[in-house]
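Asker:
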Amino acid sequence: MTAIETAAPSAGSAGAGLVAVADWVTTTDHKRIGRLYIGVSGLVFVVAAAVSALLSLERVDIERQLVDINALTQLFALSRTGLLYLGLAPMLIGVAIAVVPLQLGSRSLTFPRLAAGGFWLWTFGAVLIVYSLLLNGGPGGGNPRFVDLYLLSMILVIVGLVAGALSVAATVLTSRSPGMSLRRVPFFSWSALISSLGIIVVLPVLGGYLLVLYLAHKYPSLSELSGNRSIAEWAAFGFTQPATLLFAIPALGLLLDVAATAVRRRPTQRGAALAAVALAGAAVLAPMLQWPMVIREGVADLGAGQVINDLLPFGLVHGLPLLGVLGVVAAAARSLRTKPALSAPLVAGLLGGLLVLLAAAASAANHIGDLGLVGTAFEEGALLAVVYGGAVSAMGAIAYWGPKWWGRTMPPVVSGLLVALAGIGGALASLPMLVAGLLDQPGAVFPTVEVGADAVVYFPDAEGPVALLNGLSLLGHLAVLVAAVAFAALAVRSSRSGTAAGDDPWDGQTLEWATTSPAPADNFAEVHVVRSAEPLLDLKTRSDA
Amino acid sequence: MHALPPAPAPTPRRQVLVGTALACAAGTALMGGMLALWMRFREVYINGPENRWLPEGVVIPEVPSNVMLIAMLPICVFAQWAVYSAKRHDRSHTGVAIGLVALLGVAFINAQAFIWATMGLPIAEGNYSVLFYAVTGVMTVMAVIGVVFSVVVAFRYLGGRSADLELVSAHALYWYSFSVVYSMLWFVVYVTK
Numbered sequence: 001m002t003a004i005e006t007a008a009p010s011a012g013s014a015g016a017g018l019v020a021v022a023d024w025v026t027t028t029d030h031k032r033i034g035r036l037y038i039g040v041s042g043l044v045f046v047v048a049a050a051v052s053a054l055l056s057l058e059r060v061d062i063e064r065q066l067v068d069i070n071a072l073t074q075l076f077a078l079s080r081t082g083l084l085y086l087g088l089a090p091m092l093i094g095v096a097i098a099v100v101p102l103q104l105g106s107r108s109l110t111f112p113r114l115a116a117g118g119f120w121l122w123t124f125g126a127v128l129i130v131y132s133l134l135l136n137g138g139p140g141g142g143n144p145r146f147v148d149l150y151l152l153s154m155i156l157v158i159v160g161l162v163a164g165a166l167s168v169a170a171t172v173l174t175s176r177s178p179g180m181s182l183r184r185v186p187f188f189s190w191s192a193l194i195s196s197l198g199i200i201v202v203l204p205v206l207g208g209y210l211l212v213l214y215l216a217h218k219y220p221s222l223s224e225l226s227g228n229r230s231i232a233e234w235a236a237f238g239f240t241q242p243a244t245l246l247f248a249i250p251a252l253g254l255l256l257d258v259a260a261t262a263v264r265r266r267p268t269q270r271g272a273a274l275a276a277v278a279l280a281g282a283a284v285l286a287p288m289l290q291w292p293m294v295i296r297e298g299v300a301d302l303g304a305g306q307v308i309n310d311l312l313p314f315g316l317v318h319g320l321p322l323l324g325v326l327g328v329v330a331a332a333a334r335s336l337r338t339k340p341a342l343s344a345p346l347v348a349g350l351l352g353g354l355l356v357l358l359a360a361a362a363s364a365a366n367h368i369g370d371l372g373l374v375g376t377a378f379e380e381g382a383l384l385a386v387v388y389g390g391a392v393s394a395m396g397a398i399a400y401w402g403p404k405w406w407g408r409t410m411p412p413v414v415s416g417l418l419v420a421l422a423g424i425g426g427a428l429a430s431l432p433m434l435v436a437g438l439l440d441q442p443g444a445v446f447p448t449v450e451v452g453a454d455a456v457v458y459f460p461d462a463e464g465p466v467a468l469l470n471g472l473s474l475l476g477h478l479a480v481l482v483a484a485v486a487f488a489a490l491a492v493r494s495s496r497s498g499t500a501a502g503d504d505p506w507d508g509q510t511l512e513w514a515t516t517s518p519a520p521a522d523n524f525a526e527v528h529v530v531r532s533a534e535p536l537l538d539l540k541t542r543s544d545a
Numbered sequence: 546m547h548a549l550p551p552a553p554a555p556t557p558r559r560q561v562l563v564g565t566a567l568a569c570a571a572g573t574a575l576m577g578g579m580l581a582l583w584m585r586f587r588e589v590y591i592n593g594p595e596n597r598w599l600p601e602g603v604v605i606p607e608v609p610s611n612v613m614l615i616a617m618l619p620i621c622v623f624a625q626w627a628v629y630s631a632k633r634h635d636r637s638h639t640g641v642a643i644g645l646v647a648l649l650g651v652a653f654i655n656a657q658a659f660i661w662a663t664m665g666l667p668i669a670e671g672n673y674s675v676l677f678y679a680v681t682g683v684m685t686v687m688a689v690i691g692v693v694f695s696v697v698v699a700f701r702y703l704g705g706r707s708a709d710l711e712l713v714s715a716h717a718l719y720w721y722s723f724s725v726v727y728s729m730l731w732f733v734v735y736v737t738k
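Here the protein sequences line up with chains A and B, keeping their order. Note that the first sequence covers residues 1 to 545 in my numbering. Note that the second sequence covers residues 546 to 738 in my numbering.
Here it is in structure tokens:
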């Protein structure tokens, strides 16, 4: 089931463009499939971030009403779906598809046609989702045909994402270099495995729910499942913490990898770092078991037994992922104590990791009943932290591994500034929403905004500190948007006319730096034997000696 | 470029088997989630004013549903027989075993269609009917995928790729997983009702 593309793209004179398009459409080269995922999801991410900024602006100035109030429900759905399922998840799956085989010393991805098929299915679903939302579909939509279309499109998107994740997981499990045990797998590949396994078991549950909702909506009855608003009620678990944390786990792997590269030393306590990444994968428990696990209100007044009844499952579902993310950030901080070489990937890894940590902490806090945060802007803040954290990490991954895809480097200072701007913007967009949630500003995963009272409820006439927080959040959205667009333009320009990269531009430790830049279609001329987790560092140390 | 020591070409590491196992995990999660939704609604209805989950007048044909469960045993035995025979390079036995698995798969689909036809339950009847058709429909799709898998394996094996033991093992794994999933469904949908 391995397909290796060895022929160079053929160049004709008349139909060269068509041939190039056909090459991309039918490609089985994992680097191209990954770049397709990254490119298209990046485009949708920018659109979703722009919509989020627009909604944020609407919240700041409710008098002006920039968008038609009847379109707000669809814009909220576009923002949420676009950021998560059409942006973050495919972007990080794309990075994993493009990088993991190189890191493992494999000549190809396992099931490359499945991954490519997954990409096209996801793209088709993404187009239909946007189309259905434009025509008054989606959660809370008013046109039943397009509500149905939204549900079916979401199922297509889920099938596409699961196909990509399955391909990544199978690659890590079956296509490692000789001598590379799972303990010697690079951090990013390990995190991609954990994230992929989580996606493989969680997204089908969401898909099953959406199928039931589709049938209930298509064949309406007196069912509680039939209404267009039941989507927000029954499928919301796929859009909230801790389920969404699964998509961002590769950000943790990137942080650990770039931290080790930056200090040019072997990471200490490697096993603990791997375990911490795996612990973050405990986020799978809540959505898979449909176990939100809330600490009830007034728990302090309950008996000891009831407190334990609440605390133990809460710790399992929310505490373990938080502990895992904290462990990764601590391991990276420990590595970075010795004079790191500052670079765009390191800045992105750090800011992305910190935002994911913020999201994991917010996820736990959101489920403490006494804080009363459910239904407030706190949920939106947590969502923004995980999405923007993951996106900043994806930008770092592009800057880090780009040389292996197109053989050229990005300008270090400009790319560093842009990822810093995106990271700061992400913090600015999410943190004020978390604080606003603590101040009881309302919010929801899929708010239904109608002309009349509901509109006032969702966009209260904020004054004082809440108005300031909304303004800060808007600035954060705009910063992310500007940084993402500028970074994408810089990446495209660098891929064509950037400085030629050496084979090992970052003085790396793992196998991807042992091949040429750009890597050939089949990655490595020879399969390498690996005797440690840092095979390239071994070689360099021996050469120095 | 760094010169790491080369290795001989690695032996394949059961890619199809691992891929099938991951797909089975996804399928089990899909069905598990839908059955969880079923049980949640069942509990609400039974404890609610209606005091019943199965709509009045609806009778589930128990014979075909039980026969479908019983068919899981020979499906697993035949799938394992195919693996056993393939290991011994016994093409005819392997072909017969895979063929029997496919045949039982088709019979499973037929029995499910019979249940739908006999019950005559309109899909727009309420939560029960929506969930019933969603759950049994997904199960039937999984059976169709299994039959197609069996046909593909049979063609590849009998077409000359008799060294491809892994594919026959993956085929068996799929049907084991299918049997487990159907057993869950049978208990939740047809026994507890």
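Every residue, glycine too, gets a C-beta built ideally from N, C-alpha and C.
Residues of chain B with a CB under 8 Å from the CB of A:L211: which are they?
Answerer: Stepping through the first sequence from its first residue, residue 211 of chain A is reached at position 211. Under the 8 Å cutoff, chain B gives M579, A679, V683.
Asker: Starting from the Cα of A:L336, find the closest Cα among A:V413, A:L66, A:L256, A:V47 and give me that residue.
Answerer: For the purposes of this step, residue 336 of chain A is identified with residue 336 of the first sequence, where counting begins at 1. It is A:L256 whose Cα lies nearest to the Cα of A:L336.
Asker: How about A:A235: is its C-beta nearer than 7 Å to some C-beta of chain B?
Answerer: Counting from one through the first sequence, the residue named residue 235 of chain A turns up at place 235. Judged by the 7 Å Cβ criterion, A:A235 is not in contact with chain B.
Asker: Among A:L469, A:G207, A:L75, A:A116, which residue has its Cα nearest to the Cα of A:T28?
Answerer: If you number the first sequence from 1, residue 28 of chain A lands on position 28. Checked all of A:L469, A:G207, A:L75, A:A116; the closest Cα to A:T28 is A:A116.
Asker: Taking any Cβ of chain B, which residues in the segment 131-147 of chain A have a Cβ under 7 Å from it, in chain order?
Answerer: none
Asker: Any idea which residues DSSP pairs A:P442 with across the strands?
Answerer: Translated into positions along the first sequence, residue 442 of chain A becomes position 442. DSSP lists A:T376 as partners of A:P442.
Asker: Verify whether the separation of the beta carbon atoms of A:Q509 and A:L539 is less than 7 Å.
Answerer: Numbered from its first residue, the first sequence carries residue 509 of chain A at position 509. Numbered from its first residue, the first sequence carries residue 539 of chain A at position 539. Against a cut-off of 7 Å, the Cβ pair of A:L539 and A:Q509 comes out as no contact.
Asker: Kindly indicate if chain B contains any beta-carbon less than 7 Å away from that of A:L215.
Answerer: Here residue 215 of chain A refers to the residue found at position 215 when the first sequence is read from its first residue. With 7 Å as the cut-off, A:L215 counts as an interface residue toward chain B.
Asker: Which first and last residues belong to the alpha helix (DSSP H) in which B:M664 is found?
Answerer: Reading the second sequence from its first residue, position 119 is the one you call residue 664 of chain B. It spans 636-664 - the alpha helix (DSSP H) in which B:M664 sits, taken as one unbroken run.
Asker: Based on Cα-Cα distance, which residue from B:Y673, B:S728, B:V608 lies nearest to B:E531?
Answerer: Nothing can be reported for residue 531 of chain B, as the shown portion of chain B is limited to 546 through 738.
Asker: Quick check: what's the CA-CA separation for A:Y400 versus A:A348?
Answerer: Against the first sequence, residue 400 of chain A aligns to sequence position 400. Against the first sequence, residue 348 of chain A aligns to sequence position 348. If I take the Cα positions, the gap works out to 10 Å.
Asker: Classify B:F653: buried if its beta carbon has 16 or more other beta carbons within 10 angstroms, exposed otherwise.
Answerer: Here residue 653 of chain B corresponds to residue number 108 of the second sequence, with the count starting at 1. Per the 10 Å Cβ criterion, buried.
Asker: Would you verify that the beta carbon of A:P204 is, or is not, closer than 7 Å to some beta carbon of chain B?
Answerer: Here residue 204 of chain A corresponds to residue number 204 of the first sequence, with the count starting at 1. So, interface residue.
Asker: Taking just the CA atoms, how far does A:V387 sit from B:V604?
Answerer: Residue numbering aside, residue 604 of chain B sits at position 59 when the second sequence is read from its first letter. Residue numbering aside, residue 387 of chain A sits at position 387 when the first sequence is read from its first letter. In a straight line, the C-alpha of B:V604 is about 49 Å away from that of A:V387.
Asker: Is it the case that the Cβ atoms of A:G160 and A:F146 are separated by a distance below 7 Å?
Answerer: Position 160 of the first sequence, counting from 1, holds the residue named residue 160 of chain A. Position 146 of the first sequence, counting from 1, holds the residue named residue 146 of chain A. No, the pair does not count as a contact, with Cβ atoms beyond the cut-off.
Asker: Apart from the five residues just before and just after B:L599, which ones in its own chain have a Cβ nearer than 8 Å to its Cβ?
Answerer: As a first step, residue 599 of chain B is located in the second sequence; it is residue number 54 there, counting from the start. Correct list, in chain order: I605, Y673, K738.
Asker: Mind checking B:F732: buried by the 16 CB within 10 Å criterion, or exposed?
Answerer: The count along the second sequence starts at 1 and reaches residue 732 of chain B at position 187. Exposed.
Asker: Taking buried to mean at least 16 other C-beta atoms within 10 Å of its own C-beta, is A:G208 buried or exposed?
Answerer: As a first step, residue 208 of chain A must be located in the first sequence, where it is residue number 208. It counts as buried.
Asker: What's the call for A:A489, buried or exposed, on a 16-neighbour Cβ count within 10 Å?
Answerer: Taking the first residue of the first sequence as position 1, residue 489 of chain A is located at position 489. By the neighbour-count rule (16 or more Cβ atoms within 10 Å), A:A489 is not buried but exposed.
Asker: So if I threshold CB-CB distances at 7 Å, which residues from the segment 662-673 of chain B count as touching chain A?
Answerer: I668, A669, E670, G671, N672
Asker: Once DSSP output is grouped into helix, strand and coil, what is the label at A:A48?
Answerer: Residue 48 of chain A sits at position 48 when you count from the first residue of the first sequence. Helix.
Asker: Do the segment 196-216 of chain A and the segment 124-138 of chain A touch if we need at least three Cβ pairs shorter than 8 Å?
Answerer: no
Asker: For A:L384, does the count of other Cβ atoms within 10 angstroms reach 16, so buried, or fall short, so exposed?
Answerer: Locating residue 384 of chain A in the first sequence gives position 384, where the first residue counts as 1. Buried.
Asker: With A:A283 as the anchor, note down where its alpha helix (DSSP H) starts and where it stops.
Answerer: Here residue 283 of chain A refers to the residue found at position 283 of the first sequence. Per DSSP, A:A283 belongs to no alpha helix (DSSP H) and is neither H nor E.
Asker: With 7 Å set as the bound, which would you pick, yes or no: does the beta-carbon of B:L703 sit closer than that to a beta-carbon of chain A?
Answerer: Here residue 703 of chain B corresponds to residue number 158 of the second sequence, with the count starting at 1. It does not; no Cβ of chain A falls within 7 Å.
Asker: Among the residues of its own chain, which have a CB less than 6 Å from the CB of A:L357, if the five just before and after it don't count?
Answerer: Working through the first sequence from its first residue, we reach residue 357 of chain A at position 357. So the list reads V325, V329, once near-sequence residues are dropped.
Asker: Does the beta-carbon distance from A:V100 to A:V212 come in below 7 Å?
Answerer: Here residue 100 of chain A refers to the residue found at position 100 of the first sequence. Here residue 212 of chain A refers to the residue found at position 212 of the first sequence. It is not a contact, given that the beta carbons lie outside the stated cut-off.
Asker: Would B:L712 count as contacting chain A if we go by Cβ distances under 7 Å?
Answerer: Numbered from 1 along the second sequence, position 167 holds the residue referred to as residue 712 of chain B. Taking Cβ atoms only, chain A never reaches closer than 7 Å to B:L712, which makes this a no.
Asker: Taking the alpha-carbon of A:A236 as reference, which of A:K339, A:S108, A:E379, A:A260 has the nearest alpha-carbon?
Answerer: The residue you call residue 236 of chain A lines up with position 236 of the first sequence. The shortest C-alpha separation from A:A236 is found at A:E379.
Asker: Give the C-beta separation of A:P267 and A:A276 to the nearest angstrom, bearing in mind that I take them to be a contact with Cβ-Cβ under 8 Å.
Answerer: The residue given as residue 267 of chain A occupies position 267 in the first sequence. The residue given as residue 276 of chain A occupies position 276 in the first sequence. That pair is no contact at about 12 Å.
Asker: Quick check on DSSP: helix, strand or coil for A:W122?
Answerer: Along the first sequence, read from residue 1 onward, the residue named residue 122 of chain A stands at position 122. Here A:W122 sits in helix by DSSP.
Asker: Return the residue from the list A:S175, A:Q103, A:V47, A:S108 that minimises the CA-CA distance to A:V130.
Answerer: Position 130 of the first sequence, counted from the first residue, corresponds to residue 130 of chain A. Nearest option by C-alpha distance: A:V47.
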